[in-house]
Amino acid sequence: MHKVLKPFPYSHDGIKTEQLAEGVQRDFRPDLVEGLEKAGLIGPPDAKGAAKGSKPAGEG
1 MHKVLKPFPY SHDGIKTEQL AEGVQRDFRP DLVEGLEKAG LIGPPDAKGA AKGSKPAGEG
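So that you can map any letter, position 4 of the sequence shown is 4 in my numbering, and since no number is skipped, the others follow by simple counting.
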């Protein structure tokens with residue numbers, strides 16, 4: 001689970017794209033996490049959002 005730090009378009013399946021808003025908490029594909037973190041697009045989740053069990057990206 002990660003928090004979106006800056007809005008960006010994301011495709012969980014490589015076909016359907018959604019615009020993720022700042023503050024949204026989602027699961028991201030493991031192969032993309034490092035690059036998204038280095039780009040400053042995602043970061044650690046808020047404890048509150050992680051406890052709620054936010055939806056995985058692509059299921060929103």
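Positions of the beta carbon are idealized from the N, C-alpha and C atoms, including for glycine.
Item	Value
So what does R26 bridge to, in DSSP terms?	H2
Per the DSSP calculation, P102 is bridged to which residue(s)?	Since the first residue shown for the chain is 1 and the last is 60, residue 102 is missing from the structure and cannot be characterised.
Is it buried or exposed, P30, if we count other Cβ atoms within 10 angstroms and call 16 or more buried?	exposed
Mark Q19 as exposed unless 16 or more other C-beta atoms lie within 10 angstroms of its C-beta, in which case mark it buried.	exposed
Going by DSSP in three states, L94 sits in which element: helix, strand or coil?	Not covered by the structure: residue 94. The range shown for the chain is 1 to 60.
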